[in-house]
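Working notes, beginning with the structure itself.
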Amino acid sequence: ESNKFVLSSNLHGGSVVASYPFDDSPKHKDVYSPAPDDDMFKHLAKVYSNNHLTMSTPGQCGDHFDGGITNGADRYDVPGGMEDYNYLHSNCFEITVELSCCKYPPVTQLSTEWKNNRQSLMAYLEEVHKGVKGFVRDADTKKGIAEAVIMVEGINHNITTAGFGDYWRLLVPGSYVVSAVASGYFTESKNVTVSSGPAVEINFSLRKLSSNQPHVDSEKSQPEEPDTLEVLVSHINKLRDSSHREKQTFIEPMEFKH
Numbered sequence: 058e059s060n061k062f063v064l065s066s067n068l069h070g071g072s073v074v075a076s077y078p079f080d081d082s083p084k085h086k087d088v089y090s091p092a093p094d095d096d097m098f099k100h101l102a103k104v105y106s107n108n109h110l111t112m113s114t115p116g117q118c119g120d121h122f123d124g125g126i127t128n129g130a131d132r133y134d135v136p137g138g139m140e141d142y143n144y145l146h147s148n149c150f151e152i153t154v155e156l157s158c159c160k161y162p163p164v165t166q167l168s169t170e171w172k173n174n175r176q177s178l179m180a181y182l183e184e185v186h187k188g189v190k191g192f193v194r195d196a197d198t199k200k201g202i203a204e205a206v207i208m209v210e211g212i213n214h215n216i217t218t219a220g221f222g223d224y225w226r227l228l229v230p231g232s233y234v235v236s237a238v239a240s241g242y243f244t245e246s247k248n249v250t251v252s253s254g255p256a257v258e259i260n261f262s263l264r265k266l267s268s269n270q271p272h273v274d275s276e277k278s279q280p281e282e283p284d285t286l287e288v289l290v291s292h293i294n295k296l297r298d299s300s301h302r303e304k305q306t307f308i309e310p311m312e313f314k315h
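Residues 58 to 315 (the numbering used here) make up the sequence shown, in order.
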């Protein structure tokens with residue numbers, strides 16, 4: 058949470074598939090639960106699957122996933138999944154990768170598994186350079202503005218700038234309106250066309266609100282209740298279904314020996 062990570066994955070065994078958010082659904086049902094960045098997550102999952110030597114081939118481990126990818130909750134509902142946590146509580150986009158049918162493959166199989174996943178891991182890492190990137194700076198001092206909110210019109214998920222005002226926002230190809238919002242500054246918005254190539258650099262130079270500028274005007278210049286990390290945390294806390302969790306009991310698994 059204290060570092061502005063852009064992209065990650067968590068690795069598991071037990072199947073061969075790339076799974077993407079959300080892992081959980083509001084009613085905890087096994088139904089498709091799309092994140093606001095559903096198109097981006099599907100793209101990321103396909104990048105991994107398509108570069109894997111077997112993942113996109115039907116029938117892996119007896120499962121049947123279209124193209125070797127799946128929405129997490131559509132497969133089965135998992136409250137508290139790490140990919141959901143990172144998306145909701147930080148800047149980071151994350152998918153879950155099921156690497157092999159066997160959770161504990163023998164040592165003789167590890168070389169094969171590495172070959173299966175090597176290109177996928179490389180291609181997935183390169184996706185960190187897609188979308189838009191740049192700096193949010195003070196128009197007068199030219200210093201970067203940390204924790205400024207980067208908003209994309211039509212996508213209800215925001216990220217925040219790092220310590221030097223730098224940001225990276227993953228997006229699939231298309232046309233967007235991107236805005237930078239910071240306390241004490243006028244909001245600035247720009248139109249941008251994202252391609253399938255490297256990230257488009259979009260820099261923002263925000264003007265401070267003048268001392269005689271009514272505070273209400275700054276509110277009008279910003280979208281209502283920008284989704285800062287604090288707002289995102291409050292939203293997910295409302296969905297945690299604490300009364301349901303209090304009734305759950307947890308059983309420790311038996312010690313496993315290969």
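Backbone N, C-alpha and C define an ideal beta-carbon position, used for all residues, glycine too.
Rounded separation between residue i and residue j - CA only
i: T111; j: A219; result: 38 Å
i: V235; j: K103; result: 25 Å
i: E151; j: E312; result: 30 Å
i: R226; j: G138; result: 22 Å
i: G211; j: A196; result: 27 Å
i: N174; j: A130; result: 24 Å
i: G125; j: K200; result: 45 Å
i: A180; j: S246; result: 31 Å
i: S252; j: H100; result: 14 Å
i: P230; j: V257; result: 11 Å
C-beta contact flag for residue i and residue j at 8 Å
i: V73; j: C159; result: no
i: R194; j: G222; result: yes
i: D141; j: D96; result: no
i: K86; j: D120; result: no
i: Q166; j: N108; result: no
i: E155; j: S76; result: yes
i: L64; j: C149; result: yes
i: E170; j: P163; result: no
i: A239; j: I202; result: yes
Span of the beta strand (DSSP E) around residue i
i: N67; result: L64 to H69
i: Y242; result: Taken as a continuous stretch (DSSP letters only), Y242 belongs to no beta strand (DSSP E), as it is neither H nor E.
i: S262; result: F261 to L263
i: Y224; result: D223 to R226
i: S76; result: V74 to Y77
i: N128; result: I126 to N128
Range of the contiguous alpha helix (DSSP H) that encloses residue i
i: E140; result: M139 to H146
i: A256; result: Counting along the chain, A256 falls outside any alpha helix (DSSP H), and DSSP gives it neither H nor E.
i: A102; result: D95 to N108
Distance cut-off 7 Å: residue i Cβ against heavy atoms of the ligand COA
i: F122; result: The ligand COA is absent from the structure shown, which contains no ligand whatsoever.
Residue i versus the options, residue with shortest Cα-Cα distance
i: P93; options: N213, Q176, V251 and S267; result: N213
i: T250; options: V209, S66 and G70; result: V209
i: N128; options: V257, F98, L182 and E204; result: F98
i: G145; options: E58, E258 and K247; result: The sequence shown places Leu at residue 145, not Gly. Looking at the Cα atoms, E58 is the closest of the given residues.
i: S147; options: Y224, Q117 and V189; result: Y224
i: S262; options: V164, S106 and A205; result: A205
i: K61; options: L178, K190, S90 and T165; result: K190
i: I198; options: G70, Y242 and K172; result: It should be pointed out that residue 198 corresponds to Thr in this sequence rather than to Ile. Out of G70, Y242 and K172, Y242 has the C-alpha closest to the C-alpha of T198.
i: P91; options: H100, P83 and F79; result: F79
i: G71; options: E258, C118 and S253; result: C118
i: N67; options: Y105, V88 and K84; result: Y105
**Study point:** Length-filtered (3 minimum) beta strand (DSSP E) runs lying within the stretch 153-212
**Key:** Contiguous beta strand (DSSP E) elements confined to the stretch 153-212 occur at 189-195 and 206-209, taking only those with 3 or more residues.
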